[in-house]
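From first to last, the protein sequence lines stand for chains L and G.
By the numbering used here, the letter at position 92 of the first sequence is numbered 76, and the numbering carries on one by one without gaps.
By the numbering used here, the letter at position 292 of the second sequence is numbered 287, and the numbering carries on one by one without gaps.
Scroll down for the structure; my scribbles are underneath it.
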Amino acid sequence: MASSDALLPISAREEDPLLSDGSRSDPNLETHFRRRPVKGLLAVSFGLLFIAFYVALIATHDGSRSKDAIIDETATSTSRARLAGVSEKSNDQLWKLSGDRNTA
Amino acid sequence: AFAWNNSMLSWQRTAFHFQPEQNWMNDPNGPLFYKGYYHFFYQYNPNAAVWGDIVWGHAVSKDLIHWVHLPLAMVADQWYDSNGVWTGSATILPDGSIVMLYTGSTDKSVQVQNLAYPEDPNDPLLLKWVKFSGNPVLVPPPGILPKDFRDPTTAWKTSEGKWRITIGSKINRTGISLVYDTTDFKTYERLDTLLHAVPNTGMWECVDFYPVSKTDVNGLETSVNGPDVKHIVKASMDDTRIDHYAVGTYFDSNGTWIPDDPTIDVGISTSLRYDYGKFYASKTFYDQNKSRRILWGWISESDSEAADVQKGWSSLQGIPRTVVLDTKTGKNLVQWPVEEIKSLRLSSKKFDMEVSPGSMIPIDVGSAAQLDIEAEFEIKKESIDKILGNASVVAEAEEFSCQNSGGSTVRGALGPFGFSVLADEKLSEQTPIYFYVAKGKDSKLKTFFCTDTSRSSFANDVIKPIYGSVVPVLKGEKLTMRILVDHSIVEGFGQGGRTCITSRVYPTKAIYGAAKLFLFNNAIDATVTASFTVWQMNSAFIHPYSEDVVRALSR
């Protein structure tokens, strides 16, 4: 599972290239300074956005949920074929129901 | 899930079994012979390697082996089949014209029956099909649920000159087969009687009904009846996904059928099966070209949907089989790969060897991924006499079963012995196909034909059962088996096809040049002699559609 901090520096890294693009020698230093508070604001809001997004991600798709939880949920779910009104067409239901790979 | 790589998955595609170029396939539909071509239609999902969006795929061949894919025959373009163009059957009328009856899943998911026919009867490829403007021609009758009414059969003539069909269904837990008469395939009259009904078997899908001769080895046209004829009722059990059949007698007067042996009636667990492995939704057709009845069977996957999506396809069809009544026992069918499969045989090697107890012998045939093996086994008489005369040898025949007796590694007095296919050198992966001879309480011997897939693959997202059943062996008969190996499918035919087992295997090491063949004898006491021939098998080069391929086929 991707670690959450892997997501954060991207926005920071996007900032770095701009900073390292020789803008220090920029004659419109003043505009540059005026831009800095805006940029800082952007970075903070980006960061907050990512944190919110990531929290939402964890809340809805927790990959570490135990297999049983997945099995429990889907074991009772009906497959496409059964819902449509024909016999089961997939093995996956078998495993989720029996939990044993070797039984047909 | 197992970390499948492309090399392993690519190897799984077969060389001479029918499969679409990609995506999902299931039931065989409307098979027929017409103007020089064998036609095969099938349930197909053009969009994915899982079931859904079902339409009719189509292919033709001159020999049931070398197929050419054709454009889709029917798609879900009407309200009465918008949720799927499902399984159906063809009937060839006396004037040579064709009618096709098929199940449509309507826009409200009700299962109705529809009529279709070729747009151009002069086109031997039957490329275009017309759906009758008055469809649906049949809707679920009172008492039948909207999703319990599917898969009409080929029609047969009644003594009154009408056409008659049967359609599987259920009432509560009783599996039934409804009967309809028609004169024009557009309007139907439902008979008050059922062809047959068996309690506690659940929904009957893909019902098939056909005559077999008690005396002749040829197939019979569907309308044939008479004193030397028996009728087969076959149904696919929706609950267990197993095809069962029974031999019985049909009464034209009231459209009913009764089994010869009610203890093995259609669908009960002890009833006869075409195949004790993976073989479902099977359907026969009468091949008027060679006076034989041909059986098609859908061979689904034993791996996961995720693996199917990764490899981009799912399911095979078995090699078409001739099917006749076993005229020696009169109680079961025998199936055999169509003769045309021999056209794929390349080099061959013959072997005669004595195999002592506890032996595993590598058979040098080069790569063993595409093989046709025909073998005869004989247990030395003194070994048998010794066993039968030895009261300390446990009578186990009544308890033994392929599924529950431990597979090919459990040693008995007189078995198991046979071949291990798709085995790597270290035997870390292998698929034994074998006989097991057990002594019964009556001191008679009982023979079982089994396939053990439990060690066929390291992959953990594959179902690896042990398949098989008892196989009738008559006095004086040697034990014979035939095995078709074709990458991820292995078809076994015991005793001339009295007992058949189709398996799907997905080895991870025993693939390409690492796939080997072994002969083994795991018996404790018995010495076995084995005489067998092994052919390397060519590919059938199943072709995508193109005008010049079809022209080449015509030549």
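Just so you know, even glycine gets a beta-carbon here, dropped at the ideal spot from N, CA and C.
Pairing Phe488/G with Ala418/G gives a Cβ-Cβ distance that is not under 7 Å. Cβ-Cβ distances below 6 Å link Lys345/G to Thr528 in the same chain, with the five nearest sequence neighbours on each side left out; the list follows chain order.
Across the region 97 to 123 of chain G, CB contacts with chain L closer than 8 Å involve Ser100, Ser104 and Gln106, in sequence order along the chain. No Cβ-Cβ contact shorter than 7 Å links His538/G with Thr9/G.
Excluding its 5 nearest sequence neighbours in each direction, Lys57/G has C-beta neighbours in its own chain below 8 Å: Gly31, Tyr32, Tyr33 and Leu548, listed in chain order. Linking Gly410/G to Thr177/G through their CA atoms gives a straight-line distance of about 54 Å. For Lys142/G, at least one C-beta of chain L is nearer than 7 Å to its own C-beta.
Counting C-beta pairs with one atom in each stretch, the region 349 to 359 of chain G and the region 490 to 510 of chain G have fewer than three that are closer than 8 Å, which means they do not touch. For chain L, the residues of the region 15 to 28 of chain G that bring a beta carbon within less than 7 Å of one of its beta carbons are Asn21, in chain order.
Cβ-Cβ distances below 7 Å link Pro194/G to Arg168 and Thr169 in the same chain, with the five nearest sequence neighbours on each side left out; the list follows chain order. Uninterrupted alpha helix (DSSP H) stretches at least 4 residues long and entirely within the region 9 to 79 of chain G do not occur. Taking 9 Å as the Cβ-Cβ cut-off, the region 158 to 171 of chain G has no residue approaching chain L. The Cβ atoms of Tyr75/G and Pro135/G do not sit closer than 7 Å to each other. Nearest Cα to Gly163/G within the set Asp115/G, Tyr205/G, Met232/G and Val219/G: Met232/G. In this structure Arg546/G is exposed. Its beta-carbon is surrounded by fewer than 16 other beta-carbon atoms within 10 angstroms. In this model, Met348/G and Ser526/G are separated by some 7 Å (Cα to Cα). Annotation for Leu96/G: the continuous beta strand (DSSP E) segment containing it runs Ile93 to Ser100.
At the C-beta level, Ile458/G and Asp447/G stay beyond 7 Å of one another. Listed by position along chain L, the residues whose Cβ is nearer than 8 Å to that of Glu300/G are Ser74, Asn75 and Asp76. Listed by position along chain L, the residues whose Cβ is nearer than 8 Å to that of Asn78/G are Ala68.
Contact note: Ala65/L reaches chain G through Trp46, using a C-beta cutoff of 7 Å and chain order. For Glu377/G, there is no enclosing beta strand (DSSP E); the enclosing alpha helix (DSSP H) covers residues Lys376 to Gly384.
Fully enclosed beta strand (DSSP E) runs of no fewer than 3 residues occupy 461 to 465, 474 to 481, 484 to 489, 494 to 499 and 511 to 516 of the region 445 to 519 of chain G, in order along the chain. Residues of the region 472 to 497 of chain G whose Cβ lies closer than 8 Å to any Cβ of chain L: none. Counting along the chain, Trp6/G sits inside the alpha helix (DSSP H) bounded by residues Asn1 to Gln7.
The Cβ atoms of Leu290/G and Thr279/G lie closer than 7 Å to each other.
Here the alpha carbons of Met532/G and Val360/G stand approximately 11 Å from one another. According to the DSSP assignment, Leu121/G belongs to no alpha helix (DSSP H), since it is labelled neither H nor E.
Distance from the Cα of Ala363/G is smallest, within the candidate group Ala276/G, His239/G and Lys504/G, for Lys504/G. Its Cα nearest to that of Leu4/G, the residue Ser299/G stands out among Val319/G, Ser400/G, Thr522/G and Ser299/G.
If you draw a straight line from the Cα of Asp223/G to the Cα of Lys209/G, it is about 5 Å long. When Cβ-Cβ separations below 7 Å define contact, Glu200/G makes contact with chain L.
Listed in chain order, the alpha helix (DSSP H) runs fully inside the region 255 to 342 of chain G are 300 to 306, counting runs of at least 4 residues. Listed along chain L is no residue with a C-beta nearer than 8 Å to that of Arg8/G; the closest approach is about 19 Å. Among the residues facing chain L, Asp419/G is not included, as its CB has no counterpart in that chain under 7 Å away. Bounds of the alpha helix (DSSP H) holding Arg64/L are Arg64 to Ala68.
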